Amino acid sequence: MVQTRKSSRVATGSTDNVKETQIPSKSRKRSTLDEGSTGQDKSSRTKRRKKDELETPSYSDRVSSPWKIGAHVSAAGGIEKAVHNAAVIGANAFALFVKSQRKWTSPPLSPDSIEKFKSQMNTLGYSSSHVLPHGSYLINLGNPDEEKREKSYQCFLDDLQRCELLGLELYNFHPGSTVGQATKEESISLIAASLNRAHKATSSVVTVIENMAGAGNIIGSLFEDLAGIIRQVEDKSRVGVCLDTCHMFAAVSGFSRVSNVQLTDFCRAMIYRLKKAGISDFDTHIGLSYLRGLHMNDSKTPLASKKDRHENIGMGHLGLRAFHHIVTDPRLQNIPLVLETPSFETTEIWTKEIEVLNRLSDLHGQDESALLEGLSDEIKKVVQSKSNSKPPKKSGGGARKKRHNAKDSEEEDELDEA
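Take the sequence shown: its letters are residues 1 to 418, numbered as in the UniProt record's numbering.
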C-alpha cells in the first residue's frame, strides 16, 4: 500500500512549508431587508448574492512537495487570472503568456493588472521562481534577415520587460530557425547576440532556452545547439535551459551514432531516469546549473519522430514510468515542472494529472507496474470523459482546426518567415 503525503492548502509563502492554512475566499454575508424594502429590492439582492456565490473561487488542494508541478494556464481576461487558474488546478508552479503569443505587439500591462498579479501571487503562495512564462511563437532570433530579426527582437524584449514589471524571474523561449537561409552556426551566433543585447537592456530576468523536437530548420534539438548559444552569452547568470520531455523523445538528442535498438534503450533511460544517458549527457554539454525548468509532456508519436505532438501523461509513447523517475529525482526539485498536455478546455484533466504526478513522487525507488497502470487509467478515464463531452467545433474551409489547447504542440507553429 502506497502512503501519499498529506495535502494542504497554501495561503502564503513557499509550498515547501507544510503548515496547513486556508486560501482565503471571498466572504459572503446574508442580506437582511429593512422594513421598508420592496419585493423588487429583495429580488435584486438575491440575484447579487447568487452572483457573489458563483464568483467565489474554488481551489483544488495543493500538495506540499519539493517537486513543483503545474501547467501552462490561461491569462485570458487579465494577467492576474493566470494565478487564479493555477490555484484552481492545484498547481505549485505554472506557465503563462505575458501577452498574445500570436501578435507582434500588444497593449501595455496596466498598473492595476500588475498590482493584482503580484497580490494574487502573494495571497495564493506562489514563488516567482516557480513561474515559467512562455515567449511568443512568432519570435525567431536566428533569422538571418536583419529586418525580420529586429522585429522578433523587439517582441522578445517587450516580453522580458513585462516579466520584470510582474516581478518574474524566468522567461522561456524557442531558440529559432535558420529559415533555410543560414548555417546552424550562423543562426546560433545571431541568437546569442540578441540575448546579449536584451540582457543589457533589462536587469534581471533569466532567458531560458527550450530544446526542440528537430523538425525542419529549427535550432535546438541537440544539446550541442543549446551549448553553442550559451557559450556565446556574455552574462551566464542570465541564461538557462528548459527541457521538454516530448521534444527530447522526438529528437533523441545525442544518440545519432547508435543502432535503433540501442537508441530506444538509451532514449528511454534518458527520459525515465534522467541519469547516465540523459542528464549526464546534458551535464557534459551544458551543465546542470543551467537547468531551470521542465515541460512535462507525453508524446503522441514514436521515438525519434522529429514531430512535436504532446499527449496526456501516461497515454503516449513515453508512459507514466518516465514521469515517475522525473518526480523522484532530487536534482529536479524546486524548478517548475510544467504540463503542456491537451486540456480540452477544462480544468479537470490538469487537476488529475497534477494529482497523479504528486502521488508518483511518493514512490521513491519503486517500480510497481500494476500501480502505474492504475494511475494511467485514472488519467485516461478523465481525458476520455472530457474529450467526449466537448462538441466538435466547426472550422471554415481550409482553416486549421482549433486545437484543444494552445500548447498541444508547438513546432508546427514555428514560422519560417518570422
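Glycine included, C-beta positions come from ideal geometry on N, C-alpha and C. None of these values were measured; they are calculated from a predicted model.
In this structure, does DSSP put residue i in helix, strand or coil?
i	result
residue 93	strand
residue 68	strand
residue 61	coil
residue 109	coil
residue 329	coil
residue 354	helix
residue 259	At residue 259 the pLDDT is 42, less than 50, meaning the model places this residue with poor confidence and gives no usable figure here.
residue 362	coil
residue 382	helix
residue 135	coil
residue 374	helix
residue 88	helix
residue 252	coil
residue 241	strand
residue 424	Missing from the structure shown is residue 424; the chain here goes from 1 to 418 and no further.
residue 338	strand
residue 102	coil
residue 347	coil
residue 127	coil
residue 143	coil
residue 114	helix
residue 150	helix
If contacts are defined as beta-carbon pairs under 8 Å, then residue i and residue j qualify, I think. What distance do you get, rounded to the angstrom?
i	j	result
residue 239	residue 195	6 Å
residue 66	residue 334	6 Å
residue 358	residue 63	4 Å
residue 142	residue 191	5 Å
residue 120	residue 179	At roughly 39 Å, the Cβ-Cβ gap does not stay under 8 Å, so residue 120 and residue 179 are not in contact.
residue 124	residue 95	Not quite, the Cβ-Cβ distance comes to about 16 Å (not below 8 Å), so this is no contact.
residue 285	residue 368	Not quite, the Cβ-Cβ distance comes to about 34 Å (not below 8 Å), so this is no contact.
residue 70	residue 128	Contact flag wrong, Cβ pair sits at about 13 Å.
residue 102	residue 126	That belief does not hold up - the Cβ atoms of residue 102 and residue 126 are roughly 26 Å apart, past 8 Å.
residue 241	residue 291	6 Å
Leaving out five residues on either side along the sequence, give the residues of the same chain with a beta carbon under 7 Å from the beta carbon of residue i.
i	result
residue 202	160, 161, 164
residue 351	60, 89, 90
residue 386	344, 346, 348, 349
residue 299	246, 249, 250, 309, 311, 316, 317, 318
residue 182	144
residue 186	144
residue 305	250
residue 113	78, 79, 80
In its own chain, which residues sit with a C-beta less than 8 Å from the C-beta of residue i, not counting the 5 before and 5 after it?
i	result
residue 392	Reliability fails at residue 392, whose pLDDT of 47 lies under 50, so the model's placement of it is uncertain and the value that follows must be treated cautiously. No residues qualify anywhere along the chain.
residue 382	348, 349, 352
residue 375	314, 320, 356, 359, 360
residue 205	160, 163, 164, 168, 169, 170, 171, 238
Can you have a look at residue i and say buried or exposed, based on whether 16 or more other CB atoms are within 10 angstroms of its CB?
i	result
residue 289	exposed
residue 321	buried
residue 146	exposed
residue 214	buried
residue 293	buried
residue 419	In the structure as shown, the chain begins at 1 and stops at 418. Residue 419 is therefore absent and cannot be evaluated.
residue 207	buried
residue 177	buried
residue 210	buried
residue 330	exposed
residue 172	buried
residue 370	exposed
residue 466	Here the chain comprises residues numbered 1 to 418, so residue 466 is not present and cannot be evaluated.
residue 108	exposed
residue 87	buried
Only counting the same chain, and skipping five residues up and downstream in sequence, which positions put a Cβ closer than 6 Å to that of residue i?
i	result
residue 74	85
residue 130	68, 93, 336
residue 340	72, 295, 297, 310, 407
residue 199	235, 238
residue 174	210
residue 230	239
residue 116	80
residue 152	139, 140, 141
residue 301	307, 309
residue 1	With a pLDDT of 38 at residue 1, under the threshold of 50, the modelled position of this residue cannot be trusted, and the question is left open.
Any heavy atom of the ligand GTP closer than 7 Å to the beta-carbon of residue i?
i	result
residue 89	In the structure shown, the ligand GTP is absent, as is every other ligand, since no ligand is present at all.
Ordered list of alpha helix (DSSP H) runs contained in the region 153–235, each at least 4 residues:
184–201, 223–231
Restricting to runs no shorter than 3 residues, where is the beta strand (DSSP E) found entirely within the region 288–323?
291–296
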